[in-house]
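Beneath this line is the structure, given in structure tokens, with notes to follow.
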Amino acid sequence: MSELEPDESDTPTEPALEESPAIRIQGTLYARLFRYCFLILWGLVVPTAFLAASSIYGGMDLWQSGQFGTCCVLVFKARAMVWLYPLVAFSGCGLAYQTFRNRQTAAPLALKFAILSGAFIWFELWIAWCGATSHEFSPYLWSVLTVIAAPLVGFLFLQPLIAIGILAIRVRNAMDLIDNAPYVGVLLLFAVTLPWYGIYLVASIICAAPLALSAYVWASAEVITANRQRWRISIAGILTIFVWLSVNFAAWRRAVLVAVEEYNRLPTEPPEPCFIITAAAQGHASLVGSRDVGQSFRVTRQLQLLKALELLLHTTLPSFHRRLRRIYNRVGPAIARRIRFAWLADVVYLTLKPAEWFAWLVVRVVAGVPRPVIRRVYVRHSLTPPCPPGPNNQACDQEPRHARHHGQHGIFGQ
Numbered sequence: 002m003s004e005l006e007p008d009e010s011d012t013p014t015e016p017a018l019e020e021s022p023a024i025r026i027q028g029t030l031y032a033r034l035f036r037y038c039f040l041i042l043w044g045l046v047v048p049t050a051f052l053a054a055s056s057i058y059g060g061m062d063l064w065q066s067g068q069f070g071t072c073c074v075l076v077f078k079a080r081a082m083v084w085l086y087p088l089v090a091f092s093g094c095g096l097a098y099q100t101f102r103n104r105q106t107a108a109p110l111a112l113k114f115a116i117l118s119g120a121f122i123w124f125e126l127w128i129a130w131c132g133a134t135s136h137e138f139s140p141y142l143w144s145v146l147t148v149i150a151a152p153l154v155g156f157l158f159l160q161p162l163i164a165i166g167i168l169a170i171r172v173r174n175a176m177d178l179i180d181n182a183p184y185v186g187v188l189l190l191f192a193v194t195l196p197w198y199g200i201y202l203v204a205s206i207i208c209a210a211p212l213a214l215s216a217y218v219w220a221s222a223e224v225i226t227a228n229r230q231r232w233r234i235s236i237a238g239i240l241t242i243f244v245w246l247s248v249n250f251a252a253w254r255r256a257v258l259v260a261v262e263e264y265n266r267l268p269t270e271p272p273e274p275c276f277i278i279t280a281a282a283q284g285h286a287s288l289v290g291s292r293d294v295g296q297s298f299r300v301t302r303q304l305q306l307l308k309a310l311e312l313l314l315h316t317t318l319p320s321f322h323r324r325l326r327r328i329y330n331r332v333g334p335a336i337a338r339r340i341r342f343a344w345l346a347d348v349v350y351l352t353l354k355p356a357e358w359f360a361w362l363v364v365r366v367v368a369g370v371p372r373p374v375i376r377r378v379y380v381r382h383s384l385t386p387p388c389p390p391g392p393n394n395q396a397c398d399q400e401p402r403h404a405r406h407h408g409q410h411g412i413f414g415q
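Numbered by this note's numbering, the letters in the sequence shown go through residues 2 to 415 in order.
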């Protein structure tokens with residue numbers, strides 16, 4: 002050893018800074034839970050719900066407008082998507098196995114193929130979903146917006162689930178709650194925003210396809226980089242890829258043909274414009290509770306309550322009602338036109354539940370309006386008063402002035 006080199010044995014050394022076990026365990030636990038929750042929620046649960054909802058309900062007020070987006074909407078109907086379901090299910094099984102398997106072992110070739118094909122097919126579904134919005138938005142703008150919103154939605158919506166998992170594992174007494182105060186705060190914030198759960202539903206629907214693609218890309222990166230294995234593709238593997246691409250092309254071709262058949266069954270005239278609550282009443286009857294009362298639109302309890310609130314405002318606060326009416330006349334139809342799916346009408350119905358509860362509080366508790374009166378709102382026979390018969394004993398079919406003024410142009414109705 003040179004004289005200029007210090008003797009390490011004589012040089013005092015500082016004690017190494019050890020990482021806190023609690024911090025190390027917590028960080029590892031958070032990363033594990035984030036991976037599990039992301040792959041399960043955004044790779045399996047939300048995409049399945051998204052496809053099921055769009056396939057069951059399909060288009061609500063579509064017509065033969067000649068727009069490309071109309072055909073893209075019809076591709077998601079059950080009769081068209083049934084040809085793509087096996088491919089989606091195959092990739093979903095691969096993602097579920099990759100989520101829970103021991104990643105220290107080599108990934109089977111079938112697993113790699115399932116996950117990589119899942120990334121490819123969800124990229125196709127994302128393109129189709131962007132095309133389905135082209136009747137109201139630019140598909141390029143929509144794709145950019147979803148790319149921006151998806152990371153935020155994908156990260157924030159996982160935090161309550163991760164907080165529940167960490168607290169369930171780490172909390173044993175009251176002092177542990179203090180040590181894990183940030184996760185308790187996340188749950189409290191989630192509980193405060195829970196009444197506006199419609200925001201979570203709408204954001205999940207908008208970002209379902211890009212987040213599913215992200216989940217499969219994540220899993221694909223895991224199987225590709227696992228154990229730094231060299232990829233060896235045999236002739237059988239090349240033939241398998243060729244067969245899968247052929248099946249994928251045939252499935253999409255059949256789905257497009259079915260969508261064209263559905264398009265030819267659509268009405269040739271555009272539907273009458275409606276407002277938000279009326280559009281929400283066009284959702285699934287078992288959820289929204291809509292019923293036919295002799296009008297050109299179906300009626301729900303939510304629609305009747307909000308209509309009663311409008312009539313109350315018109316009577317007690319006419320100037321405020323006129324301002325609110327002026328704003329809603331500009332905004333309401335534009336929003337209602339974008340409710341193209343019955344399942345989206347269900348989401349709007351659930352989103353407006355807080356407004357319905359507020360209307361019930363004002364109309365029933367504060368104003369004391371009897372329940373039978375509310376139930377008669379929008380019912381045709383209750384709005385038309387008796388009148389003497391006209392010439393040749395013909396009944397009077399003229400609507401009363403208050404029905405003409407409010408029935409067709411109510412702030413929450415048509």
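For each residue, glycine too, the CB sits at the ideal point set by N, CA and C.
**Report entry** Beta-carbon gap between L214 and A120 smaller than 8 angstroms
**Finding:** Residue numbering aside, residue 214 sits at position 213 when the sequence shown is read from its first letter. Residue numbering aside, residue 120 sits at position 119 when the sequence shown is read from its first letter. Cβ atoms of L214 and A120: closer than 8 angstroms.
Report task. Could you tell me if Q105 is buried or exposed, where buried requires 16 or more neighbouring beta carbons within 10 angstroms of its beta carbon? Result -> In the sequence shown, the residue the question calls residue 105 occupies position 104. Exposed.
**Report entry** According to DSSP, residues forming a beta bridge with V89
**Finding:** Start at 1 with the first residue of the sequence shown, and residue 89 comes out as number 88. Bridge partners of V89: none, in fact.
Report task. Could you say if the region 252-264 and the region 68-88 meet the contact criterion of at least three C-beta pairs nearer than 8 angstroms? Result -> yes
Query - Cβ-based neighbour list, E270, same chain, cut-off 7 angstroms, excluding 5 preceding and 5 following - result: Residue 270 sits at position 269 when you count from the first residue of the sequence shown. Correct list, in chain order: W64.
Query raised in the report: From I336 to S205, what distance separates their C-alpha atoms?
Result: The residue labelled residue 336 in the question sits at position 335 within the sequence shown. The residue labelled residue 205 in the question sits at position 204 within the sequence shown. So the alpha carbons of these two residues sit roughly 19 angstroms apart.
Requested in this report: Could you pull the start and end residues of the alpha helix (DSSP H) that G238 belongs to?
Outcome: Locating residue 238 in the sequence shown gives position 237, counting from the first residue. Taken as a continuous stretch (DSSP letters only), the alpha helix (DSSP H) holding G238 covers I236 to N265.
Query - Inter-residue Cα distance where the pair is S291 and Q283 - result: On the sequence shown, residue 291 is found 290 positions in, with the first residue counted as 1. On the sequence shown, residue 283 is found 282 positions in, with the first residue counted as 1. About 7 angstroms.
Requested in this report: Evaluate A32 with the Cβ neighbour count: other Cβ atoms within 10 Å of its Cβ, from every protein chain shown; 16 or more gives buried, anything less gives exposed.
Outcome: For the purposes of this step, residue 32 is taken as the residue at position 31 of the sequence shown. A32 comes out exposed.
Report task. To the nearest angstrom, report how far apart V259 and T134 are at their CA atoms. Result -> Against the sequence shown, residue 259 aligns to sequence position 258. Against the sequence shown, residue 134 aligns to sequence position 133. Answer to the nearest angstrom: the Cα atoms are 19 angstroms apart.
Query - Three-state class that DSSP yields for V154 in the structure shown - result: Position 153 of the sequence shown, counted from the first residue, corresponds to residue 154. Helix at V154.
Query raised in the report: Out of A222, I179 and Y198, which has the shortest C-alpha to C-alpha gap to A356?
Result: Working through the sequence shown from its first residue, we reach residue 356 at position 355. Taking only the C-alpha atoms, the option nearest A356 is Y198.
Query raised in the report: So, using beta-carbon positions, are C72 and V261 closer together than 8 angstroms?
Result: Here residue 72 refers to the residue found at position 71 of the sequence shown. Here residue 261 refers to the residue found at position 260 of the sequence shown. For C72 and V261, yes; Cβs fall inside 8 angstroms.
Query raised in the report: Which residues in the same chain have their Cβ closer than 6 angstroms to the Cβ of G361, if we skip the five residues on either side of it in sequence?
Result: Numbered from 1 along the sequence shown, position 360 holds the residue referred to as residue 361. The question names Gly, but residue 361 is Trp in the sequence shown. Correct list, in chain order: L306.
Requested in this report: Give the secondary structure of V370 by DSSP, where H, G and I count as helix, E and B as strand, and everything else as coil.
Outcome: For the purposes of this step, residue 370 is taken as residue 369 along the sequence shown, with counting starting at 1. Three-state result, V370: coil.
Report task. Please name the residue in L313, W344, P334 and K354 whose C-alpha comes closest to that of V366. Result -> On the sequence shown, position 365 is the one that residue 366 refers to. Among L313, W344, P334 and K354, the Cα nearest to that of V366 is on L313.
Query raised in the report: CB-CB under 6 angstroms to N265, same chain, minus the five flanking residues each way: which ones, in chain order?
Result: Translated into the one-based positions of the sequence shown, residue 265 becomes position 264. Excluding residues within five positions, none has a Cβ falling inside 6 angstroms.
Requested in this report: Put R324 into one of helix, strand or coil per three-state DSSP.
Outcome: Taking the sequence shown and counting its residues from 1, one reaches residue 324 at position 323. Note: R324 maps to helix in three-state DSSP.
Report task. Please check the pair V416 and P161, which I expect to be a contact at CB under 8 angstroms, by giving their CB distance rounded to whole angstroms. Result -> Residue 416 lies beyond the range of the chain shown here (2 to 415); nothing can be said about it.
Query raised in the report: Would you say F51 reaches chain D, if we count a Cβ-Cβ gap shorter than 8 angstroms as a contact?
Result: Although the question refers to chain D, the structure presented lacks it and comprises just one protein chain.
Report task. Assuming S56 and F77 form a contact by the criterion Cβ under 8 angstroms, report the distance between their Cβ atoms to the nearest whole angstrom. Result -> Position 55 of the sequence shown, counted from the start, is the residue given in the question as residue 56. Position 76 of the sequence shown, counted from the start, is the residue given in the question as residue 77. Right, their Cβ atoms sit about 6 angstroms apart.
Query raised in the report: Between which two residues does the alpha helix (DSSP H) carrying W197 extend?
Result: Counting from 1 along the sequence shown, the entry for residue 197 is found at position 196. Segment: none, W197 is in no alpha helix (DSSP H) and carries neither H nor E.
Query raised in the report: Just to confirm, are L96 and G44 a CB contact at a threshold of 8 angstroms?
Result: As a position in the sequence shown, residue 96 is number 95, starting the count at 1. As a position in the sequence shown, residue 44 is number 43, starting the count at 1. Yes.
Query raised in the report: For V172, which residues from the same chain have a beta carbon less than 8 angstroms from its beta carbon, with the 5 sequence-adjacent residues on both sides left out?
Result: Taking the first residue of the sequence shown as position 1, residue 172 is located at position 171. Cβ neighbours of V172 beyond the five flanking positions: L178 and N181.
Requested in this report: Would you mind working out which of Y329, S320 and L304 sits nearest R376, comparing C-alpha positions?
Outcome: Stepping through the sequence shown from its first residue, residue 376 is reached at position 375. Cα-wise, what sits closest to R376 is L304.
Query raised in the report: Is there contact here, the region 39-54 with the region 213-227, by at least three beta-carbon pairs under 8 angstroms?
Result: yes
Query raised in the report: For the alpha helix (DSSP H) that contains V364, what are its first and last residues?
Result: As a working mapping, residue 364 is identified with position 363 in the sequence shown. Looking at the DSSP string, V364 is not in any alpha helix (DSSP H), and its letter there is neither H nor E.
Requested in this report: Give the straight-line distance between the Cα atoms of C38 and V154, rounded to the nearest whole angstrom.
Outcome: Numbered from its first residue, the sequence shown carries residue 38 at position 37. Numbered from its first residue, the sequence shown carries residue 154 at position 153. Taking the straight line from one Cα to the other gives about 13 angstroms.
**Report entry** Extent of the continuous alpha helix (DSSP H) to which A32 belongs
**Finding:** Along the sequence shown, read from residue 1 onward, the residue named residue 32 stands at position 31. Run containing A32: P22 to C38, per the alpha helix (DSSP H) assignment.
Requested in this report: Report the three-state DSSP secondary structure of V145 (helix, strand or coil).
Outcome: Mapped onto the sequence shown, residue 145 falls at position 144. If DSSP states are grouped into helix, strand and coil, V145 belongs with the helices.
Query - N- and C-terminal bounds of the alpha helix (DSSP H) containing Q160 - result: For the purposes of this step, residue 160 is identified with residue 159 of the sequence shown, where counting begins at 1. Note, Q160: alpha helix (DSSP H), Q160 to R171.
Query raised in the report: When you compare only the Cα positions, how much space is there between L112 and G93?
Result: Walking along the sequence shown from the start, residue 112 turns up at place 111. Walking along the sequence shown from the start, residue 93 turns up at place 92. Approximately 10 angstroms between the Cα atoms of the pair.
Query raised in the report: Could you give the distance in angstroms between the alpha-carbon of P48 and the alpha-carbon of F191?
Result: Position 47 of the sequence shown holds residue 48. Position 190 of the sequence shown holds residue 191. So the alpha carbons of these two residues sit roughly 22 angstroms apart.
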